[in-house]
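Please read the structure below before turning to the comments.
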Amino acid sequence: MTLRDVLTDLMSVPGLSGHEDRVRRRIAGHLDGIATESDRLGNLWATFPGEGPSVMLFTHMDQLGFIVRKIEADGFLRLERLGGVPERALASQEVTVCVGEGRDVDGIIANKSHHATSPDEKYTVVRVADLYVDCGFESADEADAAGVRIGTPVVYAPGSFAMGAHRVTGPAVDDRAGCAVLIEVARALAKRTGGPTVHLAFTTQEEFNLRGALPLAQRLLPDIALQVDLMLATDTPDMTGRGDMRLGGGPGISLYSFHGRGTLNGVIPHPALVRLFE
Numbered sequence: 252m253t254l255r256d257v258l259t260d261l262m263s264v265p266g267l268s269g270h271e272d273r274v275r276r277r278i279a280g281h282l283d284g285i286a287t288e289s290d291r292l293g294n295l296w297a298t299f300p301g302e303g304p305s306v307m308l309f310t311h312m313d314q315l316g317f318i319v320r321k322i323e324a325d326g327f328l329r330l331e332r333l334g335g336v337p338e339r340a341l342a343s344q345e346v347t348v349c350v351g352e353g354r355d356v357d358g359i360i361a362n363k364s365h366h367a368t369s370p371d372e373k374y375t376v377v378r379v380a381d382l383y384v385d386c387g388f389e390s391a392d393e394a395d396a397a398g399v400r401i402g403t404p405v406v407y408a409p410g411s412f413a414m415g416a417h418r419v420t421g422p423a424v425d426d427r428a429g430c431a432v433l434i435e436v437a438r439a440l441a442k443r444t445g446g447p448t449v450h451l452a453f454t455t456q457e458e459f460n461l462r463g464a465l466p467l468a469q470r471l472l473p474d475i476a477l478q479v480d481l482m483l484a485t486d487t488p489d490m491t492g493r494g495d496m497r498l499g500g501g502p503g504i505s506l507y508s509f510h511g512r513g514t515l516n517g518v519i520p521h522p523a524l525v526r527l528f529e
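If you count the sequence shown from 1, you need to add 251 to reach the working numbering.
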């Protein structure tokens, strides 16, 4: 399979933070023939022994989403967001309620009819607490029979589609793109004949304060740790002046990030490591 094939395959699998089992199994399948380990948090990693300073390349398997907060008597589902979900982009989104492989339920985040919307409402973002999901259930009992419970994971409907000849988009590209890259790296490392010890780690709960990566780093104790993740592209009209990152322009290094309103505060990379890569 090509890198693109692996990416689109991984994007077809739901994996909310704390519920990454399906993604982990799919990744393990792509690493067939390569020895892997896992821990109780659900992290998956492969170690390629070598000499000299050890390197840990890590990415995350989980994605943003929601859990079911309440099941209304009429079968509608109320949500609690998990991770930095953008509220202004939620209305009318297709979602998947993850009750079990082969049994998942499709739904849509409801959006009040334009014909019934007041002038003030047309320019107001609806809070997550006020949104609801319509899965076609007519009662809470019907939702229960389908396997929906309080705490059931909900994600954007999995999938991907091509944009032009060389671009792919979809809800879980963060960070199934990083997972696909590390699978390619693993295949290359399996054929190498020398070099340092390299740990390739597919971690859990990145969208929930790095709960998987931190204890794994303490376990593996690498000399160098590098995260393979996404960066903001700034080559669109709405991002003019923010930076010089161009989609398709090659890899970049994040020199500083801060997310005051998100679940992750950000990162300041080690200056010596930045100089090494530059």
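Just so it is clear, CB atoms sit at the ideal spot from N, CA and C, and this is done for glycine as well.
Rounded to whole angstroms, what is the Cα-Cα separation between residue i and residue j?
| i | j | result |
| --- | --- | --- |
| THR455 | ARG418 | 26 Å |
| ARG291 | GLY463 | 10 Å |
| ARG255 | ARG470 | 32 Å |
| ALA397 | THR347 | 13 Å |
| ALA484 | SER508 | 14 Å |
| ASP283 | VAL436 | 14 Å |
| ARG320 | ASP395 | 14 Å |
| GLY269 | LEU481 | 20 Å |
| GLY429 | GLY353 | 26 Å |
| ILE322 | ASP426 | 30 Å |
| ALA279 | GLU372 | 47 Å |
| ARG443 | VAL306 | 15 Å |
| GLY303 | GLY446 | 8 Å |
| GLU457 | LEU315 | 9 Å |
| LEU440 | ARG277 | 20 Å |
| PRO300 | GLU271 | 27 Å |
| LEU465 | PHE459 | 12 Å |
DSSP three-state label for residue i, please.
| i | result |
| --- | --- |
| ARG277 | helix |
| ILE434 | helix |
| LYS373 | helix |
| PHE459 | helix |
| ALA423 | coil |
| PHE453 | strand |
| THR310 | strand |
| GLN469 | helix |
| ASP530 | Residue coverage of the chain in this structure runs from 252 to 529, which leaves residue 530 outside it and unanswerable. |
| THR259 | helix |
| ALA340 | helix |
| GLY429 | helix |
| GLU345 | strand |
| VAL356 | strand |
| VAL384 | strand |
| PRO404 | strand |
| VAL319 | strand |
Looking at C-alpha atoms only, which residue of the options is the closest neighbour of residue i?
| i | options | result |
| --- | --- | --- |
| SER390 | ALA324, GLY334 and GLY398 | ALA324 |
| ARG365 | THR310, VAL379, ALA342 and ARG332 | The question names Arg, but residue 365 is His in the sequence shown. For the residues THR310, VAL379, ALA342 and ARG332, the minimum Cα distance to HIS365 belongs to ALA342. |
| SER289 | MET482, ARG493 and LEU467 | LEU467 |
| GLY266 | GLY351, ASP474 and LEU433 | GLY351 |
| LEU527 | LEU308, ILE475 and ARG329 | ILE475 |
| ALA431 | LEU461, PHE309 and PRO300 | PHE309 |
| PRO502 | LEU477, LEU333 and HIS521 | LEU477 |
| GLY293 | GLY494, ALA452 and PRO520 | ALA452 |
| LEU472 | THR298, HIS281 and GLY334 | THR298 |
| LEU333 | THR368, PRO409, VAL379 and TRP296 | VAL379 |
Would you mind sorting residue i into buried or exposed? The rule is 16 or more other CB atoms within 10 Å of its CB.
| i | result |
| --- | --- |
| MET262 | buried |
| GLY421 | buried |
| THR375 | exposed |
| PRO404 | buried |
| ASP238 | Outside the displayed span of the chain (252 to 529) sits residue 238, for which this structure offers no information. |
| VAL274 | buried |
| GLU345 | exposed |
| MET312 | buried |
| GLY500 | exposed |
| ALA423 | buried |
| ILE434 | buried |
| VAL525 | exposed |
| ILE360 | buried |
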